[in-house]
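Here the structure is laid out as C-alpha cells; the discussion comes afterwards.
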Amino acid sequence: MASLFRSAEMTLCQLFLQSEAAYACVSELGELGLVQFRDLNPDVNVFQRKFVNEVRRCDEMERKLRYLEKEIKKDGIPMLDTGENPEAPQPREMIDLEATFEKLENELREVNQNAEALKRNYLELTELKQILRKTQVFFDEDHFG
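Numbering follows my numbering, in which position 14 of the sequence shown is assigned residue number 13; successive positions increment by one, without gaps.
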C-alpha cells in the first residue's frame, strides 16, 4: 500500500469526469486514501467554483456534528468509536442526514435553554424560600409585642 509521504513514489494524473459521476468517483478515491488532489484553478474565486454549495453543506453538517459531540462529551456520555471511517453517503442520503442533524441540533439547543431556565427558576425560588424563612423567624421572635 502506497502512502503520501515524500519518499513514496507518486504519479501525476489528470482526471476528466462527467458531472454526474464526479461525486461517486471522488468519494471512492477519497475512501482509498491514496490520492492527493491539486487545485488547478487557484485563481478562481471560491464562490465561482462548481461544487461550492455542496462543500458548504458538508461544512455546516460537520459544524453540527462537532456541536453534538461537544455536548455529548460535556455530559460524560460514552461514545462508541470503531476507528474506521464510514463510506461517503450518497447525495440523496445527504438530504436525510442534513435534516437529522438539524433536528438534533435544534432539540439539543432547546433542551439546553430549558435547563438554564430551570436553573434560574430554582435559584430564584430558593432565594424566595430563604427570604420567607428569615421573615418567619423575625415575626416568631415577637418583635411587635
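In this text, a Cβ means the ideal position worked out from N, Cα and C, and glycines have one as well. This one's a predicted model, so the numbers in the text were calculated from it and none came from an experiment.
query                                                                                                                                              : result
Hey, would you say Arg56 sits closer than 8 Å to Glu97, going by beta carbons?                                                                     : yes
Only counting the same chain, and skipping five residues up and downstream in sequence, which positions put a Cβ closer than 8 Å to that of Arg62? : none
How many angstroms separate the CA atom of Met0 from the CA atom of Ser26?                                                                         : With a pLDDT of 49 at Met0, under the threshold of 50, the predicted position of this residue should be treated as unreliable, though the coordinate-derived value follows. C-alpha separation (whole angstroms): 19 Å.
Answer yes or no: do Leu16 and Glu70 have a C-beta to C-beta separation smaller than 8 Å?                                                          : no
Measure how close the beta-carbons of Glu86 and Glu30 come, nearest whole angstrom, since I'm counting them as under 8 Å.                          : 6 Å
Quick check: what's the CA-CA separation for Thr125 versus Gln135?                                                                                 : 15 Å
Assign Gly29 to one of three DSSP states: helix, strand, or coil.                                                                                  : helix
Can you determine whether any heavy atom of the ligand ADP sits closer than 7 Å to the C-beta of Pro88, and answer yes or no?                      : For the ligand ADP, the structure offers nothing, since it holds no ligand at all.
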